[in-house]
Amino acid sequence: MNLFFNVTLCSIISSIVKLALHPVQPTLFNQSDFQYCEDADRDAPGSNHSNSEQPAANFRKLEMPDAEVWLMHNWMQASTANKLFLYFKDALQWSQPEISLFGNKLKVPRLQAWYGDKDASYAYSGIQMAALAWDKKLYALKKYCEQSCQTTFNSVLVNYYRDGQDSMGMHADNESELGKQPIIASFSLGASRNFDFKHMKSGQKHRVPLHHGSLLIMCGNTQQYWQHGIHKSKRINEPRMNFTFRFVHPC
Ligand SMILES: O=C(O)CCC(=O)C(=O)O
7 MNLFFNVTLC SIISSIVKLA LHPVQPTLFN QSDFQYCEDA DRDAPGSNHS NSEQPAANFR
67 KLEMPDAEVW LMHNWMQAST ANKLFLYFKD ALQWSQPEIS LFGNKLKVPR LQAWYGDKDA
127 SYAYSGIQMA ALAWDKKLYA LKKYCEQSCQ TTFNSVLVNY YRDGQDSMGM HADNESELGK
187 QPIIASFSLG ASRNFDFKHM KSGQKHRVPL HHGSLLIMCG NTQQYWQHGI HKSKRINEPR
247 MNFTFRFVHP C
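Those letters in the sequence shown? Residues 7 to 257, per our numbering, in order.
Written out as structure tokens, the structure reads:
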């Protein structure tokens, strides 16, 4: 009995120590294959859009006024990230839509795809995007992000930058359907690119390199005060993929 008690006590203590040392990565998925897991639906944290919730530990809060931005490099291990990059490159339905700029029609300087729940349609720069039905692994990735962000998402914009000549203009994700203080999770795969912020009033700039497997979370007032974008770079020849998970309020 004593032996049983000691063994049980030891295993409880060791679980507590493990939890304290590795509080971040939720273990809903075996990262080595990243298969969709039915448990993800059961264990998702529920619909929680409160900004008082903070992302899990190991995220670093960036020092930016009027913003709440969290970053974790190596949020996903490289071997899993490599497989996902190859998978998504082939599996997603990429397109290069046109935007109207001063009366001219221009193709966006990247490829993109919009996935989400049925009612999660989205419009920006005159592009109306109806959501494509979730790809299984994309849905699993969404669930995995939700664990870290302590919220739920119903859609994702995926951008594919073929090389350093592809870019994303400075903008804020402040469309009314995203709500006043949207939580946006930005996951990156492939080539490292600089993510540039610019304060809309003071003009202050902040540059964050985003690497293969990093997760950046923007919440609070970030979209009200800061624009963000990806500038062209002559030095980059490799492709990059970025996923911005969002919650679009159905209109
Ligand atoms: O590629 C990125 O990191 C930026 C994507 C972005 O700004 C957006 O989807 O709104």
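A virtual CB, placed ideally from N, CA and C, is assigned to each residue, including glycine.
Boundaries of the alpha helix (DSSP H) in which residue i is found, first to last residue
| i | result |
| --- | --- |
| residue 200 | Per DSSP, residue 200 belongs to no alpha helix (DSSP H); it is in the beta strand (DSSP E), 199 to 205. |
| residue 88 | 84 to 97 |
Residue span of the beta strand (DSSP E) that contains residue i, given as start and end
| i | result |
| --- | --- |
| residue 211 | 211 to 216 |
| residue 253 | First-last for residue 253: undefined, no H or E at that position. |
| residue 109 | Premise fails: residue 109 is in no beta strand (DSSP E) and is neither H nor E. |
Residue i beta carbon near ligand 1 (any heavy atom closer than 7 Å)
| i | result |
| --- | --- |
| residue 202 | no |
| residue 174 | yes |
| residue 179 | yes |
| residue 160 | no |
| residue 105 | no |
| residue 117 | no |
| residue 165 | yes |
| residue 216 | yes |
| residue 182 | no |
| residue 205 | no |
| residue 234 | yes |
| residue 243 | no |
| residue 248 | yes |
| residue 192 | yes |
Identified DSSP bridge partners for residue i
| i | result |
| --- | --- |
| residue 102 | BP columns for residue 102 are empty, so no partner. |
| residue 75 | 224 |
| residue 233 | 204 |
| residue 67 | 76 |
| residue 246 | 167, 196 |
beta-carbon residue i near ligand 3 non-hydrogen atom, thresh 7 Å
| i | result |
| --- | --- |
| residue 86 | As for ligand 3, it is missing from this structure, which binds only ligand 1. |
Residue i at chain D interface by Cβ criterion, 8 Å
| i | result |
| --- | --- |
| residue 177 | Protein chains in the displayed structure number just one, and chain D is not present. |
Inset, instruction - Could you tell me whether the segment 78 to 92 touches the segment 103 to 119, where touching means 3 or more Cβ pairs closer than 8 Å? - result: No, the segment 78 to 92 is not in contact with the segment 103 to 119.
Inset, instruction - Indicate whether the contact test is met: 3 or more Cβ pairs, each with one atom in the segment 230 to 248 and one in the segment 188 to 201, closer than 8 Å. - result: yes
Inset, instruction - Please determine if the segment 205 to 218 and the segment 149 to 156 are in contact, where contact requires at least 3 C-beta pairs separated by less than 8 Å. - result: no
Inset, instruction - Determine, using beta-carbon pairs with one atom in the segment 195 to 203 and one in the segment 118 to 138, whether at least three such pairs fall under 8 Å. - result: no
Legend entry - Entirely enclosed alpha helix (DSSP H) segments - the segment 119 to 201, minimum 4 residues: 142 to 155
Inset, instruction - Assess, as a yes-or-no matter, whether the segment 165 to 182 is touched by the segment 117 to 125 under the definition of 3 or more beta carbon pairs within less than 8 Å. - result: yes
Inset, instruction - Take every Cβ of the segment 168 to 187, pair it with every Cβ of the segment 230 to 243, and state whether three or more of those distances are shorter than 8 Å. - result: yes
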